[in-house]
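Quick note, in UniProt numbering, the sequence shown goes up one by one and the last residue is 277.
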Amino acid sequence: MKNVKIAAPLYILREECEKDLFSVLEKLKEIGFDGIEFLGFFGKTPGDIHDNLEQLNLKAVGNHVDYYEFIKDINTTIKIHKEIGCQFITVGGLPKEQLADSTLVSKYIKDTKEIGMLCSENGITLLFHNHDRELSGKINDKYYLEEILDSIPEEVLSFEPDLGWIAIGGGSPEYFLDKYQNRCPVIHLKDFYAKDIPGIGNVFELNNQKGDALHSHFEFRPVGYGVLNIPSLMNRIKACNPSWLLADHDLAYDRDSYFDLKISLDYIKNLLLLQDI
């Protein structure tokens, strides 16, 4: 893990990206990030994005693609990401209400296998990124998340664990880092605050606002400034030997998003130095 790099997710900057994607990328380079994880391409062509990243010396870690959009035209989707230079593509998961339908989950697994094999043939690694909903129930006595990952070979689908969403969903980041140690090339270090995690409820009901007492005073925080004990997880993260760590949280609220990302980046860099990683 000596060569691990740190990337910025564009989700927290989605409004800024709608206005001027390339200005956002330039600012993230100035802050000190090594790479970018996209959330769509905001109307820019693959060639222009590739050239802009080259000029800034930023890497295209990957992009999140909705599952239903992906299966409409798998080959074209892969071609676009290959032209940009993405190392990874993250396939979106099923909506929560569909996860309880074993028929839909089986189709999702079948389609994702096909996508993953085609990605691999083109030199791209397919990732699955979790939210809390994949821990909201079970199929075959396993969390939805485990059913999906365990049903697809690791050489076809890698895991992009979001440690914050795992914790919000009531799961154990330690458990999932241990179980999928050999298939986590990208790890999201999302952090958050909540007075009582089981009392958070549905985060998406908050509509980009901080939670009140009914949602256990939930809020997203910069990495290292929430309830997730990142230092205690570092040995497990190190054992996964990831290529990329994401300085990830979803909202800055009334704070400056770039400032929050810089706080997260500095925390991760300092933690890596302290742990000699």
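Cβ coordinates follow ideal geometry from the N, Cα and C atoms, glycine included.
Predicted, not measured: the structure shown is a model, and the values here were computed from it.
When the five nearest sequence neighbours on each side are left out, the beta carbons in the same chain lying within less than 6 Å of the beta carbon of Asp132 are those of Trp165, Ile168 and Gly169, in order along the chain. Assigned with DSSP and collapsed to three states, Ala247 falls in coil, not helix or strand. Residue state for Ala252 is assigned as coil, using DSSP reduced to three classes. In terms of Cβ geometry, Leu126 and Asn75 do not form a close pair [threshold 8 Å]. Inter-residue distance for Arg236 and Leu163 is about 12 Å (C-alpha atoms, whole angstroms). Just so you know, the alpha carbons of Phe159 and Ile80 end up roughly 22 Å apart. Fewer than three beta-carbon pairs drawn from the region 181 to 188 and the region 203 to 221 are found closer than 8 Å, and the two stretches are therefore not classed as touching. Distance from the CA of His50 to the CA of Ile89, rounded to the nearest whole angstrom, comes to 15 Å. With respect to the 8 Å criterion, Phe128 and Val156 are not classified as neighbours on the basis of their beta carbons. Just so you know, the alpha carbons of Asp196 and Gln55 end up roughly 45 Å apart.
Contact check for Lys5 and Gly32: beta-carbon distance about 11 Å, past the 8 Å limit, so the pair fails to qualify. The alpha-carbon of Leu13 is positioned some 33 Å away from that of Lys107. Residue pairing of Arg221 in beta bridges, as defined by DSSP: Asp191. Within the same chain, Cβ atoms closer than 8 Å to the Cβ of Gly137 are found at Leu99, Ala100, Tyr143 and Tyr144, the five residues on either side in sequence being excluded. Between Pro161 and Leu135, the gap from beta carbon to beta carbon reaches 8 Å or more. In this structure, DSSP gives Thr45 a state outside helix and strand, which the three-state scheme calls coil. Here DSSP, grouped into helix, strand and coil, assigns Leu126 to strand. Going by C-alpha positions, Phe192 is about 15 Å away from Leu233.
Assignment of Val105 by DSSP, reduced to helix, strand and coil, places it in the helix class.
With fewer than 16 other Cβ atoms inside 10 Å of its own Cβ, Arg255 counts as exposed.
Under the rule that a run must span 3 or more residues, the beta strand (DSSP E) segments found entirely inside the region 159 to 217 read 186 to 188 and 191 to 193.
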